[in-house]
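A.B. asks: Protein chains in written order, with the working numbering: chain A, 36 to 360; chain B, 3 to 763; chain C, 2 to 234.
1. Rounded to whole angstroms, what is the Cα-Cα separation between residue 24 of chain C and residue 113 of chain C?
2. Against chain B, does residue 182 of chain C count as a neighbour if the rule is that its beta carbon must be under 8 Å from one of theirs?
3. With a 10 Å radius around its C-beta and 16 neighbouring C-beta atoms as the bar for buried, classify residue 165 of chain B as buried or exposed.
4. Apart from the five residues on each side of it in sequence, which residues of its chain come closer than 8 Å, Cβ to Cβ, to residue 159 of chain A?
5. On the CB-based measure, 16 or more other CB atoms within 10 Å of its CB, does residue 742 of chain B come out buried or exposed?
6. Assign residue 739 of chain B to one of three DSSP states: helix, strand, or coil.
7. Please tell me whether residue 69 of chain A has its Cβ less than 8 Å away from any Cβ of chain C.
8. To which residues of the same chain is residue 157 of chain B closer than 7 Å at the C-beta, ignoring the five residues directly before and after it?
9. Would you say residue 201 of chain B reaches chain C, if we count a Cβ-Cβ gap shorter than 8 Å as a contact?
10. Closer than 6 Å by C-beta to residue 321 of chain B: which residues in its own chain qualify, once you throw out the five before and the five after it? Chain order, please.
11. In terms of DSSP beta bridges, what is residue 264 of chain A paired with?
12. On the three-state DSSP scale, how would you describe residue 95 of chain A?
13. By how many angstroms is the C-alpha of residue 108 of chain C removed from the C-alpha of residue 710 of chain B?
14. Say the cut is 7 Å; is the CB of residue 132 of chain A nearer than that to a heavy atom of the ligand GDP?
15. Spell out a yes or no on whether the segment 463 to 483 of chain B and the segment 542 to 562 of chain B are touching, meaning 3 or more CB-CB pairs, one atom from each, closer than 8 Å.
16. For the beta strand (DSSP E) that contains residue 238 of chain B, what are its first and last residues?
17. Throw me the rounded Cβ distance for the residue 420 of chain B and residue 589 of chain B pair, which I believe falls under 8 Å.
18. Taking residue 107 of chain A as the reference, give the member of A:360, A:70, A:147, A:78 with the closest Cα.
19. Note down, in chain order, every chain B residue with its Cβ under 7 Å from the Cβ of residue 271 of chain A.
20. Nearest to residue 659 of chain B by alpha carbon, out of B:190, B:138, B:337?
21. Under 8 Å between beta-carbons, which chain B residues line up against residue 342 of chain A? List them in chain order, please.
22. Tell me, please, which residues DSSP counts as bridged to residue 585 of chain B.
23. According to DSSP, simplified to helix, strand and coil, what is residue 230 of chain C?
24. Check the Cβ of residue 61 of chain A against every Cβ in chain C and list those closer than 7 Å, keeping chain order.
25. Using DSSP's beta-bridge definition, name the partner residues of residue 126 of chain A.
26. Have a look at residue 140 of chain A and residue 66 of chain A and give me their C-alpha separation to the nearest angstrom.
27. State the start and end residues of the unbroken beta strand (DSSP E) segment that holds residue 246 of chain A.
28. Mapping DSSP to helix, strand and coil, what is residue 744 of chain B?
29. Which runs of the alpha helix (DSSP H), 4 residues or longer, sit entirely within the segment 252 to 321 of chain B?
30. Less than 7 Å between C-beta atoms, sequence neighbours within five positions excluded: which residues of the same chain meet that for residue 689 of chain B?
31. Short of 8 Å Cβ to Cβ, which residues in the segment 275 to 308 of chain B face chain C?
32. Can you find a C-beta in chain B that's less than 8 Å from the C-beta of residue 206 of chain C?
33. I want to see whether chain A comes within less than 8 Å of residue 671 of chain B, judged by CB atoms only; does it?
34. What would DSSP say about residue 318 of chain A, mapped onto helix, strand or coil?
35. Find the residues of chain C that neighbour residue 194 of chain B, judging by a C-beta separation of less than 7 Å, and give them in chain order.
36. Going by DSSP in three states, residue 620 of chain B sits in which element: helix, strand or coil?
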């Protein structure tokens, strides 16, 4: 790792003002940051430790939703009784990710900011990477791209967003609360992530010095929820394709549905087209199939990941089946 | 107490589940592995490696921003002796000198007191190369468009070639009812021991070189260091530290890292520690040889094998290292446990510009057993026979001859093993049930078998050449010490050898300890490889124990019904007479073992372990995932010396075999392992391993310790073909290459489409 | 021939002092080989020579050299902070913030029972407890354990006084080479307090973050089940 200054502020205000300078990063669980600092991919000059800020509460909201502090550990969130009862898709997504040790360390805020597993991004000697070094090119497009994205890619970057929690939060339409030098604001999760376009090094809308303080999850449209993760081994492994589904079924028809995909997009992928196709339709395999086709329309496979197009469709279909069963 | 070697019923120690000798240390976190050890004034070493697969070094630049005067730098020019790491041939340089022949080839070494500076310092060395065309696959090497090895030999690009013949293959085709062909490939496999390679070296003018480290074969390292440093035997000392897994990956590689650490120690005049990090270990050290095996087989109308023609090609990497012996074992296991009157096998190990491949549990056998056991499935289909019955019809029996015309004099109980495997796995009932259920279930289950053997010990004249010496002594503190160069790396060497000594001497397991693995203190009982430790080395311990008892009876009044107390008292009488209490035995080949290296005929192995494995899989044809859901193993390995440890060997080998079949893929970019992290080279976790059922039959082998044969490698031979046979049973689809990944299954099924109306699950 | 050093209880082998922090710039160069090396001070190098034990007073162990060293620049005044490891307090003041908990344990305090298998949170061999919860020490910055309680395998049991999980591992042969064993045991002990289900599948899932290449998984499962079965819920 490169050297850095370490700051341990006692309040959110202090944290925000400490982190406004160039090269500052917040550190919570450190599972992404310390990993990438060891690889010289992240080289912050200052780390601002936010673990002791009063942001570790999970509280029910008057409207029936849930407020989750940014410092809540992934394992605590996954096992929280309210989450298990009302937001099963979130609990399932969390428990499918990483390992128990990493889940004990990782936080809600940190997981929202998890960075890609693209091997070119993670290896400073592996060749050009626009995300790591803007303007140098993308090595994955003509290289090893088996685990790369098929949705939301550009000629500059095809790196997959690796998170499970963020996909579930996307299906649950979470609202992300941010505090920064210019004050407080909130951003719907669907507006939080950016597509790579020609600026893949910019992954979300956070400005310098902005800290995620908490997330609000509105009441789910239904408790019929499922997170399905397809991957190369049973655990401790990133998704080849995943789907988070929340479906409200009435009289055998889909009244409303939320679908988000992981492992296939350059950001957590909300499948609006699939939802539109499915709304009001019978909850049957044929319509699930149509929804899946809509979700993957526009998918752009690369030399090694064409199988993901079909796999992602099947993942959506199966997730819908399980959720609506 | 007497030596009860002939009566299993009277055994007190052998055959019982004794607790591992080093067990308490391991659970307490007190076992000392090489990186746990520090010496005062120790510096740390690192390696600068080639970034191209083939070429010439033109210049080496040291970036000015680094204070190089603080570092010790070693190049090939600093090597006092031979710039070779000699395993069999002497073609692998210790440090590249002018030419490089693979990515990650070591070029120079640096050392510094602060190990945190090393990665950046290594990255600050820039090397100018003249690149040459690289050969990166077996096929490219076969084309001979580029000769990268052996230009001055009669077999350019070929490290080794065997031709093994029996009967007359060419005349057999015409009488065949059916001729079946197939081609089967296996990929490279990384050992992924959880402890990376590491060594500490020190040098002094009077003591010479001492190395401590993670290794399997102290005397291999000793021999290499003697050559690299031009030092006599007594000026090189090799000490094995607690070793965190090996599986063959620390058979030859330690000679390289030990030489590197010692070169730095020599120049720095201080102790040097070199520990590889995971990415370096994955990229730069040995892996299992990739292989391609082609079969052409003639069978008669009843499914009897008439002729087998087999062509084997392995990828040996850039230097020959162990490729010839891996090829030998691959060749000798290629026909499977079957009788066939006409056989021709032609096998070659090819040179490519990749990191040299090396030993890995099974040592060539997993590669060719995969091929034959998949091929038997195809033959069964072609002749319309049940694959189980096809195998049974062709099994070797007592008195049959193998491909090398070895007569099976020891009992061969394949029928019995098969029957038991079919029974314990409920094979036929499951197969029938799966066939029924699969019709309406996109998750298709299947069951498949593999039958195989694994030759125990070194091939042919290998054990004679090793000429192993081992034995026991008794310390002043009243402990019996086992004197061997066989090392412990989790497989149970310490425990079973102590059990053998205790049994042979009529004393308690707790009376026995292992002498430190230190070449100054132990005789050379050969390397810890080839599933030879229990059978060959254990037998030397057993003989030494018997010999000692005999001596004590003759010279120290030990009575026939001596107690443990009597034994130690008699030892002291002997010590008074001789100054020490020690008994060593030298290897003696079992009778009737004759081997012809030129014709490759005769007794290839004195003994074989036999097995039938049954794999059950679930293939999700929607998500393309294949999962092993149950696994039964039935094997005959002679006497089981310790049932707990033996079961552990089977379970561990099966877990690795599952990885070999379904998870572990080495991705090469220009001959460099691109997926060199544990996050993208993946092996089974606890959740990926099914219940593994272990059953032993025991037919004692008279020339193995208390009847034991080899066990360590056998369990890695069977899983991959059994799993792919099960997948074929489940889906009707035949896959002939491993690792079999989801996208390979996808490509096969994608064409069948997805009919939503038929999805019921 | 060099001998293994025997340390007194109040001695530890010290790494070098941190690099001189005078210039914290990081290169943004595309070839991205960050170089702090021009700033390796003579003092760093010389102080590396012959560094062995350092006498400290009993009770609190200093982990950074106290003489003359310029502490790494902190924009806030350095706060005295200590961590507790296996019940003993260690002063982290002046410690290079880059030191991971794993390296602190192994290289500064000489608790080598916790192992480095991959150094990137991909194998679990480095598992320890922080405030009773299992974490990967390789991805934990040591300074961030200030005010917390760290437990390692050395703190779990001693010869003659094994933790029940250690004893169960011995009884069920839950190890072969032993390198993943500390991590397995620390994970298993922590999971006793986690809301894990009761089936074998639940336990395997809870232990999936500890890789074992020797394949001792079945025996590890048996050991965990035994202790779970005996422990009160």
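No residue lacks a Cβ here, since even glycine has one placed at the ideal position from N, Cα and C.
C.D. replies: According to the structure data:
1. Residue placement at residue 24 of chain C cannot be trusted, given a pLDDT of 25 that sits under 50; the coordinates are not used to answer.
2. So, interface residue.
3. Classification of residue 165 of chain B: exposed, given that the 10 Å Cβ count is below 16.
4. Only 74, 75, 76, 167 meet the Cβ criterion.
5. Residue environment: residue 742 of chain B is assigned as buried (16 or more neighbouring CB atoms within 10 Å of its CB, all protein chains considered).
6. Residue 739 of chain B falls in the strand class under three-state DSSP.
7. By this cut-off, residue 69 of chain A is an interface position.
8. Within the same chain, Cβ atoms closer than 7 Å to the Cβ of residue 157 of chain B are found at 163, the five residues on either side in sequence being excluded.
9. For residue 201 of chain B, the answer is no, since every Cβ of chain C falls outside 8 Å of its Cβ.
10. Counting only Cβ-Cβ distances below 6 Å, and skipping sequence neighbours, we find 93, 94, 358.
11. Bridge partners of residue 264 of chain A: A:277.
12. For residue 95 of chain A, the secondary structure class from DSSP, reduced to helix, strand or coil, is strand.
13. When only Cα atoms are considered, residue 710 of chain B and residue 108 of chain C end up about 43 Å apart.
14. In the structure on display, the ligand GDP does not appear, and there are no ligands present to speak of.
15. With a cut-off of 8 Å on Cβ pairs, the segment 463 to 483 of chain B is in contact with the segment 542 to 562 of chain B, counting three or more such pairs.
16. Start and end: 238 to 242.
17. With a Cβ gap of about 34 Å, residue 420 of chain B and residue 589 of chain B do not count as contacting.
18. Looking at the Cα atoms, A:147 is the closest of the given residues.
19. Residue 271 of chain A reaches chain B at 687, counting residues in chain order whose Cβ is nearer than 7 Å.
20. Out of B:190, B:138, B:337, B:190 has the C-alpha closest to the C-alpha of residue 659 of chain B.
21. Those within 8 Å of residue 342 of chain A in chain B are 626, 744, 745, 748, 749, 752.
22. In the DSSP secondary-structure assignment, residue 585 of chain B is bridged to B:474.
23. When secondary structure is reduced to three states using DSSP, residue 230 of chain C falls in the helix class.
24. Chain-order list of chain C residues neighbouring residue 61 of chain A: empty, with the shortest C-beta distance near 12 Å, by a criterion of under 7 Å.
25. DSSP output for residue 126 of chain A lists no bridge partner at all.
26. Rounded to the nearest angstrom, the gap between the Cα atoms of residue 140 of chain A and residue 66 of chain A is 7 Å.
27. Looking at the DSSP string, the run of the beta strand (DSSP E) that includes residue 246 of chain A is 246 to 252.
28. Judged by DSSP in its simplified three-state form, residue 744 of chain B adopts helix.
29. Qualifying alpha helix (DSSP H) stretches, in chain order: 255 to 270, 280 to 286.
30. Short of 7 Å from the beta carbon of residue 689 of chain B, and not among the five residues preceding or following it, lies no beta carbon of its own chain.
31. From the segment 275 to 308 of chain B, only 279, 280 have a Cβ closer than 8 Å to chain C.
32. Cβ-Cβ to chain B under 8 Å: yes for residue 206 of chain C.
33. Residue-level contact by beta carbon holds for residue 671 of chain B and chain A, with a gap shorter than 8 Å.
34. Shown here, residue 318 of chain A sits in coil according to DSSP, grouped into three states, outside any helix or strand.
35. Those within 7 Å of residue 194 of chain B in chain C are 214.
36. Strand.
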